[in-house]
């Protein structure tokens, strides 16, 4: 099971309370106070792990709790501090602070238990379904919705973030002695640990992304270029979650990661066809590779496909349109591919296109060479030319 968006409840450990104790020892009259301090509560820490590829471990553990510190004891013994609760998350995880849902009991009355909100039976939560459930938005003073607050972005292996900090330990009565109060009975309770509801969102980390319509041949191409084994079938939406493969370039001992993004359709920026779940994975990729069905075997024209894909990406996030992008013309072994390829060159003469047939493994050697140039070499395309060309593709008829 692949989970890339989930809501959790996290609670750090409470601090142990201080101790009220007095020294009782032979030949030591009036030994005075010797109550120790309480131990510190455990933190909840997120750690980016290269060996974790999704958030499925949190699907079965939507409530994260760290242990509390041990109470203080006599003879000035400090309580043991609790061990931090470390949660491994995949690289590329973005953490948002979410609003706590309002749980309901059987009498339709609001409950005050924050944990019960995660298991609310009436409203499906992200922790129950895993994906496609938006966070509960906050309401501004003017009645509008504001986006959730981003608090962390884990982009490197081993990077850590303290999600909830444990409470400090309480003070024993030894801290309250004075010349006037020689037998204090005062102490302090341990501090409460931080807690809250959070939304975890995974954005795939890759050097390049294969973007295209369903059945354009993206999964077949990734399987030919790398050792990945994506599911390949003759029906749309075969790929339901991003798959990353590593491409090795012979001679230079270089490698790059390529992400197979599930198929996009028109209206994806409005979340049509799970558009947002797929589009957010593109934001991490520095190069976009548009895979076109150049033969039009699905009844669509490749030029219209390119225009629609560029439009959807620009409407989702205009900054994505400024990134380098190239076109891979797939299915050159089918009838009508040569004619459509010539039409594409005539319409966009400055567009860099690589013609291949992924199923027949034709043109893959040239594609590897061009990939290495696009990812590691200096391209001759200027940023101004890229922006102009993007506008031409989106407005061309």
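Numbering (our numbering), first residue to last: 693 to 1089.
No residue lacks a Cβ here, since even glycine has one placed at the ideal position from N, Cα and C.
Which stretch, first to last residue, makes up the alpha helix (DSSP H) that contains residue i?
{"i": "residue 926", "result": "Unbroken run through residue 926: none, as it is neither H nor E."}
{"i": "residue 1034", "result": "1029 to 1039"}
{"i": "residue 703", "result": "Taken as a continuous stretch (DSSP letters only), residue 703 belongs to no alpha helix (DSSP H), being part of the beta strand (DSSP E) at 697 to 703."}
{"i": "residue 1003", "result": "994 to 1008"}
Return the CA-CA distance between residue i and residue j, expressed in angstroms with no decimal places.
{"i": "residue 1024", "j": "residue 740", "result": "41 angstroms"}
{"i": "residue 932", "j": "residue 712", "result": "60 angstroms"}
{"i": "residue 847", "j": "residue 886", "result": "24 angstroms"}
{"i": "residue 767", "j": "residue 727", "result": "6 angstroms"}
{"i": "residue 975", "j": "residue 729", "result": "49 angstroms"}
{"i": "residue 865", "j": "residue 764", "result": "10 angstroms"}
{"i": "residue 715", "j": "residue 843", "result": "48 angstroms"}
{"i": "residue 788", "j": "residue 695", "result": "16 angstroms"}
{"i": "residue 750", "j": "residue 1011", "result": "31 angstroms"}
{"i": "residue 921", "j": "residue 914", "result": "8 angstroms"}
{"i": "residue 944", "j": "residue 1063", "result": "13 angstroms"}
{"i": "residue 936", "j": "residue 977", "result": "11 angstroms"}
{"i": "residue 934", "j": "residue 733", "result": "38 angstroms"}
{"i": "residue 882", "j": "residue 863", "result": "8 angstroms"}
{"i": "residue 1006", "j": "residue 860", "result": "48 angstroms"}
{"i": "residue 988", "j": "residue 898", "result": "28 angstroms"}
{"i": "residue 744", "j": "residue 1040", "result": "42 angstroms"}
{"i": "residue 1031", "j": "residue 1000", "result": "20 angstroms"}
{"i": "residue 1036", "j": "residue 693", "result": "40 angstroms"}
{"i": "residue 747", "j": "residue 762", "result": "32 angstroms"}
{"i": "residue 996", "j": "residue 986", "result": "11 angstroms"}
{"i": "residue 1066", "j": "residue 783", "result": "24 angstroms"}
{"i": "residue 725", "j": "residue 879", "result": "11 angstroms"}
{"i": "residue 894", "j": "residue 785", "result": "4 angstroms"}
{"i": "residue 1049", "j": "residue 755", "result": "48 angstroms"}
{"i": "residue 731", "j": "residue 769", "result": "10 angstroms"}
{"i": "residue 918", "j": "residue 1021", "result": "19 angstroms"}
{"i": "residue 704", "j": "residue 720", "result": "41 angstroms"}
{"i": "residue 940", "j": "residue 1069", "result": "15 angstroms"}
{"i": "residue 982", "j": "residue 916", "result": "17 angstroms"}
{"i": "residue 872", "j": "residue 792", "result": "48 angstroms"}
{"i": "residue 722", "j": "residue 772", "result": "28 angstroms"}
{"i": "residue 906", "j": "residue 929", "result": "6 angstroms"}
{"i": "residue 1014", "j": "residue 856", "result": "37 angstroms"}
If we count the other Cβ atoms within 10 Å of its Cβ and call it buried at 16 or more, is residue i buried or exposed?
{"i": "residue 1002", "result": "buried"}
{"i": "residue 709", "result": "buried"}
{"i": "residue 870", "result": "exposed"}
{"i": "residue 911", "result": "buried"}
{"i": "residue 742", "result": "exposed"}
{"i": "residue 1004", "result": "buried"}
{"i": "residue 699", "result": "buried"}
{"i": "residue 1113", "result": "A query on residue 1113 cannot be resolved here, the shown segment of the chain reaching from 693 to 1089 and no further."}
{"i": "residue 1027", "result": "exposed"}
{"i": "residue 1061", "result": "exposed"}
{"i": "residue 706", "result": "buried"}
{"i": "residue 1080", "result": "At residue 1080, the pLDDT of 41 sits below 50, so the modelled position is not reliable; the number obtained from the coordinates is stated separately. Per the 10 Å Cβ criterion, exposed."}
{"i": "residue 858", "result": "buried"}
{"i": "residue 972", "result": "buried"}
{"i": "residue 760", "result": "buried"}
{"i": "residue 926", "result": "exposed"}
{"i": "residue 946", "result": "exposed"}
{"i": "residue 1042", "result": "exposed"}
Specify, as a first and last residue, the run of the beta strand (DSSP E) that residue i falls within.
{"i": "residue 919", "result": "Run containing residue 919: none; DSSP gives neither H nor E here."}
{"i": "residue 884", "result": "No beta strand (DSSP E) holds residue 884; DSSP gives it neither H nor E."}
{"i": "residue 1057", "result": "Looking at the DSSP string, residue 1057 is not in any beta strand (DSSP E); the run it does join, the alpha helix (DSSP H), is 1056 to 1068."}
{"i": "residue 842", "result": "841 to 846"}
{"i": "residue 903", "result": "900 to 903"}
{"i": "residue 789", "result": "785 to 790"}
{"i": "residue 952", "result": "946 to 952"}
{"i": "residue 1022", "result": "1017 to 1022"}
{"i": "residue 779", "result": "777 to 782"}
{"i": "residue 941", "result": "935 to 941"}
{"i": "residue 977", "result": "Segment: none, residue 977 is in no beta strand (DSSP E) and carries neither H nor E."}
{"i": "residue 694", "result": "Note, residue 694: premise wrong, no beta strand (DSSP E); not H, not E."}
{"i": "residue 855", "result": "852 to 856"}
{"i": "residue 987", "result": "Unbroken run through residue 987: none, as it is neither H nor E."}
{"i": "residue 1046", "result": "1045 to 1047"}
Compute the beta-carbon to beta-carbon distance between residue i and residue j, rounded to the nearest angstrom, for a pair I have assumed lies under 8 angstroms.
{"i": "residue 904", "j": "residue 980", "result": "Not quite, the Cβ-Cβ distance comes to about 10 angstroms (not below 8 angstroms), so this is no contact."}
{"i": "residue 668", "j": "residue 736", "result": "In the structure as shown, the chain begins at 693 and stops at 1089. Residue 668 is therefore absent and cannot be evaluated."}
{"i": "residue 892", "j": "residue 778", "result": "Between residue 778 and residue 892 the Cβ distance is about 15 angstroms, and since that is not below 8 angstroms, they are no contact."}
{"i": "residue 950", "j": "residue 900", "result": "5 angstroms"}
{"i": "residue 738", "j": "residue 884", "result": "With a Cβ gap of about 20 angstroms, residue 738 and residue 884 do not count as contacting."}
{"i": "residue 758", "j": "residue 889", "result": "Contact flag wrong, Cβ pair sits at about 16 angstroms."}
{"i": "residue 1044", "j": "residue 1019", "result": "7 angstroms"}
Is there at least one non-hydrogen atom of the ligand COA closer than 7 angstroms to the beta-carbon of residue i?
{"i": "residue 1063", "result": "The ligand content of the structure shown is nil, which means the ligand COA is not present either."}
Point to revise | Secondary structure, beta strand (DSSP E): runs of 3+ residues fully inside the stretch 715 to 766 | key: 736 to 741, 755 to 757
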